[in-house]
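K.L.:
Got a structure for you, questions after.
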Amino acid sequence: MNKTQFALIALTTLLVAPLTASAAGETLMSPGYYETTTRIAGDPEVERKRECLTPAEVRARPLERVLAELTEGRCTFSQRQIGGGRFAFVGACVNEGVRTTFRNTGTYTPTSYSVSLNSRTMVGGTPIDFVMTTSSRRIAAVCPSGAR
Numbered sequence: 001m002n003k004t005q006f007a008l009i010a011l012t013t014l015l016v017a018p019l020t021a022s023a024a025g026e027t028l029m030s031p032g033y034y035e036t037t038t039r040i041a042g043d044p045e046v047e048r049k050r051e052c053l054t055p056a057e058v059r060a061r062p063l064e065r066v067l068a069e070l071t072e073g074r075c076t077f078s079q080r081q082i083g084g085g086r087f088a089f090v091g092a093c094v095n096e097g098v099r100t101t102f103r104n105t106g107t108y109t110p111t112s113y114s115v116s117l118n119s120r121t122m123v124g125g126t127p128i129d130f131v132m133t134t135s136s137r138r139i140a141a142v143c144p145s146g147a148r
């Protein structure tokens, strides 16, 4: 899997954060300060980061809009469901003639989420499988001073 394909799939994974329905029917993430942990199968290193999601950022980037941007020319989704505390995205991305299929499933609450991503890329006739899990929890409703 090349960096662009990984970035598209990882972005989809990381953007599926705590979700709430907006008045317009779009799905919005809850603002606040989050701690996110990402694990990649076969890699002993665990990535942990903290970041702030402001109310303005939430309003500007509904999940459906992000997904629509991701599907333009690069990825297609055969399944895209969000509701009842669960989500699933199944699809494929093609980049420079290389096809990657993926299944991204997880659960969410207003202040946390858990994601499992499984993907397969065929490289020279050999399948390369990739498994990543991400979990995140809101550690504060208001971001600390200076946090980004």
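Mapping of the sequence shown onto the working numbering: residues 1 to 148, in sequence order.
Even for Gly, the Cβ is constructed at its ideal location relative to N, Cα and C.
Mapping the DSSP letters down to three states, classify A140 as helix, strand or coil.
P.N.:
Three-state DSSP puts A140 in a strand.
K.L.:
Among the candidates V123, T134, P127, whose CA atom is the shortest distance from the CA of S116?
P.N.:
Of the candidates V123, T134, P127, the one whose C-alpha sits nearest the C-alpha of S116 is T134.
K.L.:
Quick one, which of C75, R61, R74 has its alpha-carbon nearest S30's?
P.N.:
Out of C75, R61, R74, R61 has the C-alpha closest to the C-alpha of S30.
K.L.:
Give a yes or no on contact between the segment 33-40 and the segment 138-145, applying the rule of three or more CB pairs nearer than 8 Å.
P.N.:
In short, these stretches touch, since the Cβ pair count reaches three.
K.L.:
Please list the terminal residues of the continuous beta strand (DSSP E) segment that includes V58.
P.N.:
Unbroken run through V58 is the alpha helix (DSSP H), 55-60; no beta strand (DSSP E).
K.L.:
In whole angstroms, give me the CA-to-CA distance for A147 and G91.
P.N.:
A147 and G91: Cα-Cα distance of roughly 34 Å.
K.L.:
Should S119 be labelled buried (16 or more other beta-carbon atoms within 10 Å of its own) or exposed?
P.N.:
Buried is the call here.
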